[in-house]
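Peer 1: Just passing along the structure, written as C-alpha cells.
Protein chains in written order, with my numbering: chain Z, 1 to 197; chain C, 198 to 719.
Here's what the structure looks like:
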C-alpha cells in the first residue's frame, strides 16, 4: 500500500502548464475536456476547461489509461477530469524506466487483446479484457493507483459527498454531526446532549 | 527536561512512548525516578496533525518494512503492512479511537472459562480482575473516561443513531455512546470534543487522551524525563549475571549509541517488543533475551475483527463526529451456545472517502465496488472487535532475508485464523447485517479486517516461567530488571479495546518498579 498525495484543491483539476517551465519539463497536452456547467465540480474548479500535459505518455496511451480507469471504477457521472488524475499519476511514475516499460507493454497488451485498438472496443468487451488480465502486474499497478488517484482528491470528495478536513470549520458540533432526522433520536441515557458549545 | 549521560546507569530506560511507555515514564518520574525514553518516531503536536488520511498516515504510521505470512487475508492484501500502528511520540495513542473498556472477570481466566480449545495456547492470567480494578479506576481518572468519575457520556452522531435504532430493534440492550477517553466536557486542561471526526489522524483539539500531550509533558515537568525522539532501539545488553545494563540504539543522525540502564522497560508494541528481545540474543540468551521458555514472539493476537458497512436510502455522513461514537455490548460475554469461545463488541467506525476506497474490499474493482463508493454519503459503519485465541504458531520472528535501514532483520508477522475466530467473525457479521437491516439498510457489506491496530500477547505474562515471558508485574521471568510494559504482556486478548488495560498495567508496574528499587532489588 502506498500513499499518493494529491495536490491542493484548486490544482486537483488537471490544467495546462504555462510559460517559464524549463524545456525538459515541457509536456504535450494529451487529454482535455470541459466540466459540465452547473455541476458541483464546475463550481469547485478555477476553470471549467481542463487539460492534462504528459511528459512520457502520448495521446493514445493517455486515452487508453483513462478508459481503463473508467472501466475499473465505473461511475457514470464522474467526469473525465477525475479519471485523468490516474493518467497524470502514471505519467509521473513513468519517469522510472521499469514502470515505463510495464505501462508501455501493458497498453500494447490491451490493444492486442482487443484485436488492435483497445480504445475502440465496446465497453463490455473492454471490461471482459480487464477481467482476463487481473493477475498481470500492469493491471495491478494501474488498479492500485486508481484507488488513490480517483478517490483521494478534492473533486472526488465533492462528487461522493465527503467533506474533508474540519478543523478550520470548528468540527461538526454545530454543523450536523447528529442531524439525521429519519430515525428517532436515542434516549439521553444512551446518547447525552452535547456540551453547550 | 533532563539530560542524562550515556554512561549514567542510574536511569530506567523505557523503549516506546505510547500507552504503556508514556504512562510508565510519567508514573516513574512522579515517584522521583530518573527516566530515559527512546522513541523511534518524531514529535508532533495537535497543531501539526493533518486531517487528510494519506498524509496523516505518512506522518504517524509505522511504515518501516515488515513482512507477513500465514492464511490471514492481510498477508495477501497488505504484505508489508501487517499493522496500522504509529511511530511517533505518543505512539498509537495518537491514532486510537478512545474506547476505554475494562476487561471482564472471566477473560482473566480464559483457559478455565473456555476449556481446552484444540489448536489454542490458552492460559489464565496470573492476575485477576480484582487485582487490576484499583488501577482501572486510576487509569479512568487519569484519562478522563466518560461515564466514569461523574464525566458525562459523549453525544452520539448520525452513525450512532443508526446503530442504536437497529441494535434495539433486534433486541440488544447494552447500546450507548460508551466509555471513551475523549472529553465530553472541558477537563484536565483539555477542551471538549467538537465532533471533528479524524480521531484516527491525531486529535487536533486534544480532546482525546494521548500520552503525547498528557503523560509526557507532565513527566518532563518533573525534570526527570529525558525523552529522545527518533531514537531506534537495536539491542539490549546484559552483564555477566544476566541482568540488563544498557540499550544500544541509533540516534536521529543514525549514529549508534549506548545508554547505560538500571532497568529496561520495553513498550514498542507487540511486534517491535519481541523483535527487540530476539535481536538481543547473546551467548547467555541464545534464543533471544528472556526467551528461555521459547514464548517470545509467540501467541500473537490481533483481535477477531471485521467491519460491516450498510447503505441507506437517506443521508448518513458517517464521517461526521467521533469515529467510534457508540457501542453494542450484548455479545461481549461468553456463551458457548453461540458456537465459539469469548465474545465481541460492536463499535461504530467511519473512514473518509480515501480510506474507504482503500479498505472496503482491498483489491476489488468493477461495477459493484463502484456502486458502494457511489453510496458513500448514505453509508453507516461498525467495527467488530472480539477475543481471538492465542496460538503458538501465530508469531513474530526475525526475517533474516530482509533488513531495515540499520541492517537489522525486520519482523515477520505470521497469523492464521483459528476456527474459533472464523466462527465468531461470521456470527458478528450476521448480527451486524441484521442490526442494519432492522434500521432500514438497503444492503450491507462485510469488510475484511484492516491491518492490525490491536497487537497483543507476544511476551505474555504467566504464573509459571515455562508458559510465558514475564510475571504478574510484567517483570521478565529470567531477567529481574527487564520489564514488558505494553500489550505484549497480555496473556489473552479479551474482547475489549486494549489501551485502558495497557495504561492500568503501566500504573501498576510503576509501583512494582519503585517498590523493588526501594528494596534495592533493582
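Each residue gets a CB set at the ideal place from its N, CA and C atoms; glycine is no exception. The structure displayed is predicted, hence computed values, not measured ones.
1. Below 6 Å CB to CB, which residues in the same chain sit around residue 80 of chain Z once its five sequence neighbours on both sides are set aside?
2. Would you mind sorting residue 22 of chain Z into buried or exposed? The rule is 16 or more other CB atoms within 10 Å of its CB.
3. Does residue 92 of chain Z have its Cβ less than 8 Å from a Cβ in chain C?
4. Quick check on residue 227 of chain C: does DSSP put it in helix, strand or coil?
5. Can you pull the chain Z residues whose beta carbon is under 8 Å from the beta carbon of residue 516 of chain C, in chain order?
6. Would you mind reading off the limits of the alpha helix (DSSP H) that contains residue 82 of chain Z?
7. Which chain C residues sit within Cβ distance under 8 Å of residue 129 of chain Z?
8. Residue 172 of chain Z versus chain C: which residues are under 8 Å apart at the beta carbon?
9. Between which two residues does the beta strand (DSSP E) holding residue 146 of chain Z run?
10. Do the segment 347-362 of chain C and the segment 309-320 of chain C meet, that is, are 3 or more Cβ pairs less than 8 Å apart?
11. State the beta-bridge partners of residue 53 of chain Z as determined by DSSP.
12. Which class does residue 190 of chain Z belong to by DSSP, given the choice of helix, strand or coil?
13. So what does DSSP say about residue 68 of chain Z, is it helix, strand or coil?
14. Classify residue 659 of chain C as helix, strand or coil using the three-state DSSP reduction.
15. Does the CB of residue 195 of chain Z have a neighbour CB from chain C at under 8 Å?
16. Please classify residue 245 of chain C as buried or exposed, where buried requires at least 16 other C-beta atoms within 10 Å of its C-beta.
17. Taking only beta carbons into account, state which residues of the segment 361-373 of chain C come closer than 7 Å to chain Z, listed in chain order.
18. Is there a Cβ of chain Z sitting closer than 8 Å to that of residue 574 of chain C, yes or no?
19. Would residue 177 of chain Z count as contacting chain C if we go by Cβ distances under 8 Å?
20. Check whether chain Z comes within 8 Å of residue 248 of chain C, counting only Cβ atoms and requiring the distance to be less than that.
21. Going by beta carbon distance, what residues of the same chain come within less than 6 Å of residue 552 of chain C, once the five residues before and after it are set aside?
22. Examine chain C for any beta-carbon lying closer than 8 Å to the beta-carbon of residue 186 of chain Z, and answer yes or no.
23. Compare the C-alpha of residue 510 of chain C against each of C:571, C:495, C:417 and C:477 and name the closest.
24. For residue 705 of chain C, collect the residues of the same chain with a Cβ closer than 6 Å to its Cβ; drop the 5 residues on either side in sequence, then sort them by chain order.
25. If you count every other CB in all the chains shown that lies within 10 Å of the CB of residue 24 of chain Z, and 16 or more means buried, which is it?
26. Considering residue 279 of chain C, what are the terminal residues of the alpha helix (DSSP H) in which it resides?
27. Specify the secondary structure class of residue 363 of chain C as computed by DSSP and reduced to three states.
28. Suppose contacts are defined by Cβ-Cβ distances below 8 Å. Is residue 228 of chain C in contact with residue 711 of chain C by that definition?
29. Quick check on residue 580 of chain C: does DSSP put it in helix, strand or coil?
30. May I ask you to report which of helix, strand or coil DSSP gives residue 8 of chain Z?
Peer 2: Taking the structure as given:
1. 33
2. Only weak support is given to the placement of residue 22 of chain Z: the predicted model assigns it a pLDDT of 42, under 50, and the question is left unresolved by the model.
3. no
4. helix
5. 162 and 163
6. 80-93
7. Within chain C, no residue comes near residue 129 of chain Z; the closest Cβ sits about 13 Å away, beyond 8 Å.
8. 354, 391, 392, 393, 394, 517 and 518
9. Note, residue 146 of chain Z: premise wrong, no beta strand (DSSP E); alpha helix (DSSP H) at 137-151.
10. no
11. Z:29
12. coil
13. helix
14. coil
15. yes
16. exposed
17. 361, 362, 372 and 373
18. yes
19. yes
20. yes
21. 250
22. yes
23. C:571
24. 332
25. Interpretation of residue 24 of chain Z is limited by its pLDDT of 46, a score under 50 that renders its predicted location unreliable; no figure is taken from the coordinates.
26. Unbroken run through residue 279 of chain C: none, as it is neither H nor E.
27. helix
28. yes
29. strand
30. Confidence at residue 8 of chain Z is low in this model, with a pLDDT of 33, below 50, so the placement of that residue is unreliable and no value is reported for it.
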